[in-house]
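Structure, as structure tokens:
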Amino acid sequence: MAGNIRGKQRSFDPGAHSEGMGDFSRHGEKSPSLSILVVDDEPLIRWSLSETLSDSGHQIVEAGDGSSAVQAVANSARPFDVVLLDFRLPDSNDLSLLSRLRHLAPKSRIIMMTAFGTPEMMKGALELGAARVVNKPFEITELASLVQSYSQHPC
Numbered sequence: 009m010a011g012n013i014r015g016k017q018r019s020f021d022p023g024a025h026s027e028g029m030g031d032f033s034r035h036g037e038k039s040p041s042l043s044i045l046v047v048d049d050e051p052l053i054r055w056s057l058s059e060t061l062s063d064s065g066h067q068i069v070e071a072g073d074g075s076s077a078v079q080a081v082a083n084s085a086r087p088f089d090v091v092l093l094d095f096r097l098p099d100s101n102d103l104s105l106l107s108r109l110r111h112l113a114p115k116s117r118i119i120m121m122t123a124f125g126t127p128e129m130m131k132g133a134l135e136l137g138a139a140r141v142v143n144k145p146f147e148i149t150e151l152a153s154l155v156q157s158y159s160q161h162p163c
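If you read the sequence shown in my numbering, its first letter stands for residue 9, the second for the next number, and so on.
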């Protein structure tokens, strides 16, 4: 169902080591867990990002459309550290959603994801405060590394 928000809560023990879990931290110590909102109308992309990031110890909330993203940000007990935001959603295909989320969560780092990244769109997104614009298709592990870098270099 579009607009479904699913909180993905996994307990994380910084002292535990799991086989196959990527260690993106420095000196073998785990980086702090981030609160991340993944907004994409494609369930497979949402699932892939959520699984990869939660396996790294982050707390994930998913939204399948713009109104669910706004609801998630407005109802969150604390601001999301990172928002992964698809540019084209069923109820949003311009930068107005980015602008609204920046207003609701000015300290969140928003990474725009798009298959429609014209130079004008990218420039507009950065001017509105997007931390980065990432073109689709992308490598999940590269995007996860970018997100992980924010836990090592907070705002």
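Glycine included, each C-beta is placed from N, C-alpha and C at the ideal position.
Bear in mind the structure is a predicted one, so any value in this text is a computation, not a measurement.
By the three-class DSSP mapping on this structure, what secondary structure does arginine 117 have? strand
Cβ distance (whole Å) where alanine 54 is taken to contact glycine 74 below 8 Å: Here residue 54 turns out to be arginine, not alanine, going by the sequence shown. Rounded, the Cβ-Cβ distance is 14 Å, inconsistent with contact.
Could you round the C-beta distance between methionine 120 and phenylalanine 95 to whole angstroms and report it? I think they count as a contact, below 8 Å. 6 Å
Runs of alpha helix (DSSP H) lying entirely within the stretch 23-108, each at least 4 residues, in chain order: 51-63, 74-83
Contact between the stretch 51-70 and the stretch 142-161 is defined here as three or more beta-carbon pairs at a separation below 8 Å; is this criterion met? yes
Are arginine 117 and alanine 139 closer than 8 Å when you measure CB to CB? yes
Between the Cα of proline 127 and the Cα atoms of Val141, Pro98, Glu50, which residue gives the shortest distance? Val141
By Cβ distance, which residues of its chain are closer than 7 Å to serine 58, with the 5 residues on each side in sequence left out? Lys16, Val46, Ile68, Glu70
Indicate the three-state DSSP secondary structure (helix, strand or coil) for threonine 126 in the structure shown. coil
Beta-ladder partner(s) of arginine 110, from DSSP: Looking at the DSSP assignment, arginine 110 forms no beta bridge with any residue, so it has no partner.
Can you check whether the CB of aspartate 89 is closer than 8 Å to the CB of leucine 136? no
Could you give the distance in angstroms between the alpha-carbon of histidine 35 and the alpha-carbon of glutamine 160? Residue confidence for histidine 35 is low, a pLDDT of 35 falling below 50, so the modelled location carries little weight; the figure read from the coordinates is stated next. Each residue's Cα considered, the two are about 12 Å apart.
Going by the beta-carbon positions, is the gap between proline 87 and alanine 113 smaller than 8 Å? yes
Does leucine 106 pass the burial test, meaning 16 or more other C-beta atoms within 10 Å, or should it be called exposed? buried
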